[in-house]
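Number of protein chains: 4
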Amino acid sequence: MLKTPAIVLNVKTYTEATGINAVDLARLMEKISKENDVGMAIAVQACDITRCVQEVDLPVYAQHIDPIKPGSSTGWTLPEAVKSAGAVGTLINHSEHRLILADIDICIIRTQELGLDSLVCTNNVATSKAVATFSPSMIAVEPPELIGGDISVTTADPGIVSTTVKAVQTVNKTVKILCGAGVKNGNDVVKAIELGPNWLQLASRVVKAKNKEAVLRDLISGI
Amino acid sequence: MLKTPAIVLNVKTYTEATGINAVDLARLMEKISKENDVGMAIAVQACDITRCVQEVDLPVYAQHIDPIKPGSSTGWTLPEAVKSAGAVGTLINHSEHRLILADIDICIIRTQELGLDSLVCTNNVATSKAVATFSPSMIAVEPPELIGGDISVTTADPGIVSTTVKAVQTVNKTVKILCGAGVKNGNDVVKAIELGPNWLQLASRVVKAKNKEAVLRDLISGI
Amino acid sequence: MLKTPAIVLNVKTYTEATGINAVDLARLMEKISKENDVGMAIAVQACDITRCVQEVDLPVYAQHIDPIKPGSSTGWTLPEAVKSAGAVGTLINHSEHRLILADIDICIIRTQELGLDSLVCTNNVATSKAVATFSPSMIAVEPPELIGGDISVTTADPGIVSTTVKAVQTVNKTVKILCGAGVKNGNDVVKAIELGPNWLQLASRVVKAKNKEAVLRDLISGI
Amino acid sequence: MLKTPAIVLNVKTYTEATGINAVDLARLMEKISKENDVGMAIAVQACDITRCVQEVDLPVYAQHIDPIKPGSSTGWTLPEAVKSAGAVGTLINHSEHRLILADIDICIIRTQELGLDSLVCTNNVATSKAVATFSPSMIAVEPPELIGGDISVTTADPGIVSTTVKAVQTVNKTVKILCGAGVKNGNDVVKAIELGPNWLQLASRVVKAKNKEAVLRDLISGI
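So, in structure tokens, the structure goes:
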């Protein structure tokens with residue numbers, strides 16, 4: 021597990037973070053992470069895991085795994101392949117890649133078998149609590165209305181973070197909560213951490229920034 | 021495009037072809053391909069494309085692409101990422117990873133935009149003809165009852181190959197037909213090529229063999 | 021088959037056409053259809069087929085069937101059940117309910133086995149041509165950008181209708197083409213029919229109208 | 021809610037329970053239910069709800085609802101339509117019709133809004149506990165290896181029922197547990213009820229029996 025507070029950056033399938041661009045962004049994060057002693061990880065496309073692991077000293081996550089074992093699953097993402105490529109964890113059930121309930125259970129078990137961190141994304145308090153019963157490493161609550169938008173979760177719906185923290189603790193006291201959408205700047209980061217989470221998940225804000233370094237430095241400025 | 025007749029080996033998500041094992045198998049294919057001057061390509065998991073391309077001089081295909089453009093598609097397979105990792109083509113609509121009709125259309129267009137070969141898998145004569153109207157590079161017809169089994173397509177249902185060749189030609193004369201299931205040995209390869217296709221798609225027979233080299237050499241013995 | 025030109029009204033899952041409202045709308049269409057000697061059919065939710073068939077003398081279509089045979093398919097739509105409830109046809113592959121390619125093939129075969137009309141929805145010229153190779157009864161081409169909007173297909177993209185008609189005829193001369201989106205008023209109907217189709221598919225324009233009767237009468241005014 | 025112990029019969033899409041056959045089976049259940057004062061309900065295909073409700077005095081369930089509100093969802097199952105047809109409840113997340121986690125949450129909320137019973141199917145102890153956090157009316161635990169087979173759950177894996185009951189109660193004390201697979205005869209029913217559940221879910225055993233009445237009478241013989 022990363023030193024917390026920590027930031028997980030999901031680069032999705034943006035051009036700005038595909039192929040060599042993913043490596044460049046990971047290298048930038050490595051530099052800022054080390055200079056500031058702040059935990060960071062990058063979640064890249066399956067195709068890009070190997071290169072990021074080879075060239076950068078930063079924890080790399082997969083963006084997804086499928087609930088499969090080795091065999092006849094052409095084109096799906098085998099947890100063993102993600103591990104073999106050098107990832108240390110994976111997102112599961114991201115809002116852009118939802119899974120059926122039974123498969124979330126299987127994916128978390130598969131990460132436990134392989135020693136991968138599991139970061140399960142959820143959309144509200146109720147689904148966060150349900151997922152917590154499976155004991156993943158982390159849960160990132162991301163209200164759909166805040167994903168990719170300009171509104172800060174800590175402004176729009178501060179209750180969702182603290183309510184999620186409380187609801188999750190009624191069924192599982194060890195799972196870590198991430199604030200997973202609507203974190204826009206260093207001020208949001210500080211507020212989010214006050215509400216309970218000590219991890220944050222970010223995406224488009226950093227990836228699409230002209231000056232990625234400035235945005236990253238701003239985000240961690242209050243930690 | 022590869023020199024034909026050619027063999028495309030889809031290694032699925034077998035342990036025997038994940039991570040370093042994928043690289044080893046690709047290296048073996050490279051050797052046999054060069055020694056015998058027979059066209060070969062390997063279709064590996066997304067996580068393994070980079071390493072195979074880095075270490076082996078053999079055309080690498082992806083096993084799947086998703087019908088997406090760069091952006092918010094966490095965990096899906098971006099055609100640009102596959103290209104960037106060094107793949108020269110991709111399977112589309114494999115029997116273990118079917119796509120809706122409109123998405124097959126989009127995937128083929130995306131491969132054309134990026135200069136990737138498109139190898140679309142189909143399950144019978146009717147769907148092969150339908151796909152041919154989209155003008156992919158290749159169509160691999162794989163009757164579901166023959167996939168992964170012990171029966172040769174050229175024994176069980178020789179008509180499907182020649183009928184598919186004829187049906188496809190009524191709508192598209194340039195698309196190449198692959199014999200995509202039930203090819204078990206060198207004799208099957210010879211018969212399949214007589215029936216029209218000059219490409220073959222293979223999977224478990226090679227990947228799960230104790231002596232992969234012997235199986236590969238047998239397969240190309242009659243070419 | 022209906023007397024043409026004909027109008028197929030897909031009522032989707034609008035409140036205005038659920039339960040008793042579906043029956044009322046079917047009854048209104050029956051009246052206008054008979055008074056004006058214009059062919060009409062209504063595509064209702066599976067739950068509503070029985071009541072519409074029992075109470076109204078108008079051809080009823082299902083909005084969807086699944087590619088299944090009787091057996092273990094809890095909660096899916098069995099073609100036999102649709103037939104048994106009294107439907108005379110079904111939409112297939114609607115833009116809100118897409119199917120994988122192999123399943124479109126199976127659904128069309130199942131309708132042929134049961135004597136149901138098959139109306140397959142497509143999104144562009146290329147997919148219309150692909151579907152035509154399966155010989156469904158009808159194809160409704162519906163460019164996604166026109167569905168549910170305020171723009172008439174005959175204004176926005178008149179070429180798509182005539183181009184689709186021509187492309188489909190290169191592979192299948194018997195399938196009927198429907199103009200499936202962007203038909204807003206009687207003028208659009210007249211123009212659409214000039215472009216080739218003699219069937220039209222409609223949805224929200226009628227269902228959500230305050231005065232459904234006026235909208236229906238306007239639509240057929242030019243026929 | 022039904023008088024318990026009660027039996028919910030899911031007739032799937034079997035020919036023996038499609039159309040008029042569904043009505044006949046419901047009528048048989050009505051007779052046996054009343055004669056023996058045992059709670060019973062039938063879960064039929066969407067197309068068959070209306071007729072069963074019209075002709076038989078037995079609680080009717082839908083086999084599935086989709087996580088939608090009225091609008092543009094062609095061919096999907098609107099909860100309001102199920103309610104309007106006369107169903108009093110619905111299965112959710114059946115093993116043959118799985119839903120993503122967020123959609124299970126939505127479906128349960130939709131049944132609560134409409135006053136429908138919600139019977140959520142799960143595959144093991146862990147997913148049962150997760151679902152219990154959503155407070156559905158009932159959870160039917162059905163280990164996949166027992167569905168449709170010849171083995172009794174109470175013989176094969178008696179622990180799963182009592183363990184599920186206990187696990188669910190740690191997060192929700194009001195949800196009812198159903199024994200949902202592997203109940204074959206009256207003896208199984210008695211044992212299952214001893215293990216905690218007071219509802220049972222059945223399918224192929226009854227539907228495919230030559231003498232459905234004899235099987236039904238045997239099942240309730242020990243209650």
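Chains as they are written, first to last, in this note's numbering: chain A, 21 to 243; chain B, 21 to 243; chain C, 21 to 243; chain D, 21 to 243.
Backbone N, C-alpha and C fix where the C-beta goes; we use that ideal spot for every residue, glycine too.
Since the structure is predicted, the reported quantities are computational estimates derived from the model, not experimental observations.
How would you list, in chain order, the residues of chain A whose beta-carbon sits under 7 Å from the beta-carbon of residue i?
{"i": "B/VAL4", "result": "Because chain B spans 21 through 243 in this model, residue 4 of chain B falls outside it and cannot be assessed."}
{"i": "D/THR183", "result": "Those within 7 Å of D/THR183 in chain A number zero; the least Cβ separation is about 14 Å."}
Could you give the C-beta distance for residue i and residue j, rounded to a whole number, given that I count them as a contact under 8 Å?
{"i": "A/VAL31", "j": "A/ALA37", "result": "3 Å"}
{"i": "A/ALA101", "j": "B/GLN65", "result": "5 Å"}
{"i": "D/LEU220", "j": "D/VAL209", "result": "6 Å"}
{"i": "B/ILE159", "j": "B/VAL188", "result": "6 Å"}
{"i": "D/VAL80", "j": "D/ALA107", "result": "5 Å"}
{"i": "C/LEU239", "j": "C/GLY206", "result": "6 Å"}
{"i": "D/PRO90", "j": "C/THR35", "result": "4 Å"}
{"i": "D/VAL161", "j": "D/GLY216", "result": "The pair is not a contact, with the Cβ atoms about 11 Å apart (cut-off 8 Å)."}
{"i": "D/LEU136", "j": "D/PRO87", "result": "Not really, about 14 Å apart at Cβ, beyond 8 Å."}
{"i": "D/ILE120", "j": "A/ILE112", "result": "Not a contact, Cβ separation roughly 12 Å."}
{"i": "C/ALA46", "j": "C/ILE62", "result": "5 Å"}
Could you name the residues of chain C that residue i contacts, counting a contact when the two beta carbons are closer than 9 Å?
{"i": "B/ASN231", "result": "The premise fails here: B/ASN231 is roughly 35 Å from chain C at the closest Cβ pair, so nothing lies under 9 Å."}
{"i": "B/ILE124", "result": "ILE120, LEU121, THR147, ALA150"}
{"i": "B/THR24", "result": "Simply none; closest approach about 26 Å."}
At 7 Å on the CB atoms, spell out the chain C contacts of residue i, in chain order.
{"i": "D/TRP96", "result": "THR33, HIS117"}
{"i": "B/ASN56", "result": "The premise fails here: B/ASN56 is roughly 35 Å from chain C at the closest Cβ pair, so nothing lies under 7 Å."}
Would you identify the three-state DSSP class for residue i, choosing helix, strand or coil?
{"i": "C/GLU58", "result": "The sequence given here has Val at residue 58 of chain C, not Glu. DSSP places C/VAL58 in coil when its eight states are reduced to three."}
{"i": "C/ILE88", "result": "coil"}
{"i": "C/GLY202", "result": "coil"}
{"i": "B/LYS196", "result": "strand"}
{"i": "D/THR110", "result": "strand"}
{"i": "B/ASP208", "result": "helix"}
{"i": "B/ILE27", "result": "strand"}
{"i": "D/ASP177", "result": "coil"}
{"i": "C/LEU220", "result": "strand"}
{"i": "C/ILE159", "result": "strand"}
{"i": "B/ALA229", "result": "coil"}
{"i": "B/SER148", "result": "helix"}
{"i": "B/ASP125", "result": "helix"}
{"i": "A/THR94", "result": "coil"}
{"i": "C/VAL80", "result": "strand"}
{"i": "C/LEU215", "result": "coil"}
{"i": "D/LEU239", "result": "helix"}
{"i": "B/THR142", "result": "strand"}
{"i": "D/ILE40", "result": "helix"}
{"i": "D/ALA63", "result": "strand"}
{"i": "C/THR33", "result": "strand"}
{"i": "D/VAL120", "result": "A small correction: the amino acid at residue 120 of chain D is Ile; Val does not occupy that position in the sequence shown. Looking at D/ILE120 - three-state DSSP - the assignment turns out to be strand."}
Going along chain B, which residues have a C-beta under 7 Å from residue i?
{"i": "C/ASN113", "result": "LEU121"}
{"i": "A/SER93", "result": "LYS32, THR33, GLU116"}
Under 7 Å Cβ-Cβ, which residues of chain D neighbour residue i?
{"i": "C/ILE1", "result": "The structure shown does not extend to residue 1 of chain C, since chain C is modelled only from 21 through 243, so no value can be given for it."}
{"i": "C/THR38", "result": "PRO90, LEU98, GLU100, ALA101, SER104"}
Is any heavy atom in the ligand FAD found nearer than 7 Å to the beta carbon of residue i?
{"i": "B/GLY91", "result": "Within the structure as shown, the ligand FAD is missing, as the structure has no ligands at all."}
Show which residues of chain A have a CB atom less than 9 Å away from the CB atom of residue i.
{"i": "B/ARG47", "result": "Residues of chain A passing the Cβ test: none, with the nearest at roughly 17 Å."}
{"i": "B/THR70", "result": "CYS67, ASP68, ILE69, THR70, ARG71, GLN74, ALA105"}
{"i": "D/ASN192", "result": "Result: empty, since nearest Cβ-Cβ is about 10 Å, beyond 9 Å."}
Who are the neighbours of residue i on chain D, taking C-beta pairs under 8 Å?
{"i": "C/GLN83", "result": "THR94, GLY95"}
What does residue i reach in chain B if we use C-beta pairs closer than 9 Å?
{"i": "C/ASN207", "result": "Ordered by position in chain B, no residue passes the 9 Å Cβ test against C/ASN207, which lies about 29 Å from the chain."}
{"i": "C/ASN143", "result": "LEU121, ALA122, ASP125"}
Kindly confirm or deny that the segment 119 to 132 of chain D and the segment 147 to 157 of chain A touch, where touching means at least three C-beta pairs closer than 8 Å.
yes
Can you find at least 3 beta carbon pairs, one from the segment 224 to 232 of chain C and one from the segment 55 to 69 of chain C, that sit closer than 8 Å?
no
Using 8 Å as the cut-off, can you tell me whether the segment 174 to 188 of chain C makes contact with the segment 174 to 185 of chain B, which would need three or more C-beta pairs spanning the two stretches below that distance?
no
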